[in-house]
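All remarks here apply to the structure that follows.
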Amino acid sequence: MGAIAEDGQPVYALCELSVYRIRHLHVVVSITTMKTIIEPFKIKSVEPIKFATAEQREQVLRRGGYNLFAIPAEDVLIDLLTDSGTNAMSADQWAGVMRGDESYAGARSFYRFQDKVRELTGLKHIIPTHQGRASERILFSILGGHGKHIPNNAHFDTTRANIEFSGAEADDLPTAEGIDPDVIADFKGNMNTDALRAYIAKVGVANIPLCMITVTNNSQGGQPVSMANIRETSKICREHGIPFFIDACRFAENAYFIKLREPGYADRSVKSIVQEMFSYADGCTMSAKKDAIVNIGGFIAINDDNLALKARNLLVITEGFPTYGGLAGRDLEAIAIGLEEVLDEHYLQYRIRSTAYLGERISAAGVPIMQPPGGHAIYINAKKFLPHIPPEQFPGQALAIEFFRHAGIRSCEIGSVMFSRYDASGKFIPAPMELVRLAIPRRVYTQSHIDYVIEAIIEVYQNRDKIPGYRIVEEPPMLRHFTAKFEPIVK
Ligand code: F0G
Numbered sequence: 003m004g005a006i007a008e009d010g011q012p013v014y015a016l017c018e019l020s021v022y023r024i025r026h027l028h029v030v031v032s033i034t035t036m037k038t039i040i041e042p043f044k045i046k047s048v049e050p051i052k053f054a055t056a057e058q059r060e061q062v063l064r065r066g067g068y069n070l071f072a073i074p075a076e077d078v079l080i081d082l083l084t085d086s087g088t089n090a091m092s093a094d095q096w097a098g099v100m101r102g103d104e105s106y107a108g109a110r111s112f113y114r115f116q117d118k119v120r121e122l123t124g125l126k127h128i129i130p131t132h133q134g135r136a137s138e139r140i141l142f143s144i145l146g147g148h149g150k151h152i153p154n155n156a157h158f159d160t161t162r163a164n165i166e167f168s169g170a171e172a173d174d175l176p177t178a179e180g181i182d183p184d185v186i187a188d189f190k191g192n193m194n195t196d197a198l199r200a201y202i203a204k205v206g207v208a209n210i211p212l213c214m215i216t217v218t219n220n221s222q223g224g225q226p227v228s229m230a231n232i233r234e235t236s237k238i239c240r241e242h243g244i245p246f247f248i249d250a251c252r253f254a255e256n257a258y259f260i261k262l263r264e265p266g267y268a269d270r271s272v273k274s275i276v277q278e279m280f281s282y283a284d285g286c287t288m289s290a291k292k293d294a295i296v297n298i299g300g301f302i303a304i305n306d307d308n309l310a311l312k313a314r315n316l317l318v319i320t321e322g323f324p325t326y327g328g329l330a331g332r333d334l335e336a337i338a339i340g341l342e343e344v345l346d347e348h349y350l351q352y353r354i355r356s357t358a359y360l361g362e363r364i365s366a367a368g369v370p371i372m373q374p375p376g377g378h379a380i381y382i383n384a385k386k387f388l389p390h391i392p393p394e395q396f397p398g399q400a401l402a403i404e405f406f407r408h409a410g411i412r413s414c415e416i417g418s419v420m421f422s423r424y425d426a427s428g429k430f431i432p433a434p435m436e437l438v439r440l441a442i443p444r445r446v447y448t449q450s451h452i453d454y455v456i457e458a459i460i461e462v463y464q465n466r467d468k469i470p471g472y473r474i475v476e477e478p479p480m481l482r483h484f485t486a487k488f489e490p491i492v493k
């Protein structure tokens, strides 16, 4: 698996030494004794990947309207489009699939799932859904609506879309350092708590049905949120009687960053950190497709009895009976097991270090990335990578297309394709950042896959002047990044 660098140093251990805060080092030493950090698993089942020629990839791009969501996955060599639902399950989870109880009501697998979610979150009502956005739809159908405002450190796109679909407004309250890609700081995912206080004063408590915090902050670089920030946000919400919810997709990765970076947490177990994070919340939404290491699933967890009743009533209409939501018993079983496996500290150490390894290597070659590396993904700063392409020609999209064209790597634009707007006069308002996300599926790729990605990105960087901008030729009214069609702007 190529774990040794050219200079003979073990690669991952070498990276550990470059952890940017020396005070973290004692954690590293105590866990690794400075040996190479290896993938903490053996591979029992493999899936071949298909190699294509540059000409074949060009055809695939043209057929898909230069939208990477519209190309067949089979034509992708290394798929870093998302870390969502792309996880490799463990032998234990597959065994759990066989043990799944498929009873319509009160299945054994439901109770196992419920116990595990309760153990971690301490929340009372555990409501399974088929994925994160189903949880969001149910929650915001009840709490959203015209005139309502819902703040977050940064809403993910489906969260925003579900809020706006209900008629409410979704507002992001990031910190200044959080939206500066070059600043290196420990917790760039934090909520701007001063802005939150001002926001509550301006919008009015009566118009804020809940406040959310997303861990880790996916829309802003996969950056973690500190425990102090979760505690402070919760305190502000409680002072005003506003329910405080965690968008918990990557809760374990966030907790591991807290262990590494926040004073007072180095000797705590990740599980106890997770439990403390949730202790400040009145509820959470979860996409199990991330940190439950499964391929489908989600849940809502809430303390409020009345809200839980309403949520279950909506659940029954579209998702299913409250003891299975939109899932099969076997899925609930796999989630329960995954939620425990994700807390394994060897796993989390490998996970966080191997993502940083990709970021550090391309960054050392001059590629501008959102600093420091995030937990589940590396975000390339396309504005800096392609300064000759203006935002209205979608530099992030241009770069993502180029990675595929050059090396068969699929990534995801998080910039003006996803988040730009037109104002009342039809003027283009670009997204605040133009990013390309390389999201790492959990337990899927080895270090040599990642080394290939590093080489390819550096090659594209060396030839960046030749990359064209793109224009949209077709787009839907919402979530356009999924289905819009593009064409290159040929000068
Ligand atoms: N919240 C966050 C922070 C997310 O990252 C996602 C999904 C969701 C909610 C919705 O969950 O997909 O299960 O409906 N993020 C994926 C991604 C799609 O690629 O980042 P879902």
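Counting from 3, one number per residue, gives the positions in the sequence shown under my numbering.
Think of the CB as a built atom: it goes at the ideal place given N, C-alpha and C, for glycine as much as any other residue.
Values in this document were obtained by computation on a predicted structure and should not be read as measured data.
Residue from the options with nearest C-alpha to residue i
i, options, result
"residue 411", "459, 93, 354", "459"
"residue 438", "444, 419, 475", "419"
"residue 478", "453, 487, 321, 470", "487"
"residue 219", "191, 132, 140, 309", "191"
"residue 447", "68, 89, 39, 182", "89"
"residue 328", "87, 482, 130", "130"
"residue 211", "143, 135, 476, 103", "143"
"residue 106", "403, 332, 169, 146", "332"
"residue 433", "98, 159, 467", "159"
"residue 48", "174, 93, 422", "93"
"residue 279", "249, 307, 298, 299", "249"
"residue 222", "184, 443, 229", "184"
"residue 330", "310, 298, 363, 303", "298"
"residue 429", "366, 482, 393, 387", "393"
"residue 137", "493, 285, 380", "285"
"residue 264", "234, 295, 240, 229", "229"
"residue 110", "336, 46, 409", "336"
"residue 490", "173, 300, 471", "471"
"residue 171", "187, 152, 363", "152"
"residue 147", "260, 179, 167, 44", "167"
Heavy atom of the ligand F0G within 8 Å of residue i beta-carbon
i, result
"residue 77", "no"
"residue 358", "no"
"residue 220", "yes"
"residue 417", "no"
"residue 280", "no"
"residue 83", "yes"
"residue 55", "no"
"residue 292", "yes"
"residue 180", "no"
"residue 168", "no"
"residue 87", "yes"
"residue 484", "no"
"residue 307", "no"
Cβ shell of residue i (< 7 Å), same chain only, five flanking positions each side left out
i, result
"residue 108", "325"
"residue 293", "251, 252, 253, 254, 255, 344"
"residue 384", "397, 398, 401, 417, 436, 437, 438"
"residue 497", "Residue 497 is absent from the structure shown; the chain starts at 3 and stops at 493."
"residue 372", "183, 223, 381, 383, 437"
Coarse secondary structure for residue i, derived from DSSP in three states
i, result
"residue 431", "strand"
"residue 439", "strand"
"residue 132", "coil"
"residue 424", "strand"
"residue 68", "coil"
"residue 447", "coil"
"residue 299", "coil"
"residue 76", "helix"
"residue 174", "strand"
"residue 2", "Any answer about residue 2 is impossible in this case: the structure gives the chain only from 3 up to 493."
"residue 475", "strand"
"residue 216", "strand"
"residue 456", "helix"
"residue 229", "helix"
"residue 118", "helix"
"residue 89", "coil"
"residue 241", "helix"
"residue 158", "coil"
"residue 45", "coil"
"residue 150", "coil"
Residue i Cβ short of 8 Å to the ligand HEM heavy atom set
i, result
"residue 133", "Absent from the structure shown: the ligand HEM. Ligands present: the ligand F0G."
Cβ-based neighbour list, residue i, same chain, cut-off 8 Å, excluding 5 preceding and 5 following
i, result
"residue 60", "407"
Own chain partners of residue i with C-beta closer than 6 Å, once the 5 adjacent residues on each side are dropped
i, result
"residue 81", "412"
"residue 126", "305"
"residue 483", "419, 420"
- prompt: What are the start and end residues of each continuous alpha helix (DSSP H) run of 4 or more residues lying completely inside the segment 303-358, in chain order?
  reply: Counting whole runs of 4 or more residues, the segment 303-358 contains the alpha helix (DSSP H) stretches 307-320, 331-343.
- prompt: Along the chain, which unbroken stretches of the beta strand (DSSP E) at least 3 residues long are found entirely within the segment 250-296?
  reply: Runs of the beta strand (DSSP E) inside the segment 250-296: 285-289.
- request: Entirely within the segment 347-416 and at least 4 residues each: give me those alpha helix (DSSP H) ranges in chain order.
  value: Whole alpha helix (DSSP H) segments, 4+ residues: 347-366, 384-387, 397-409.
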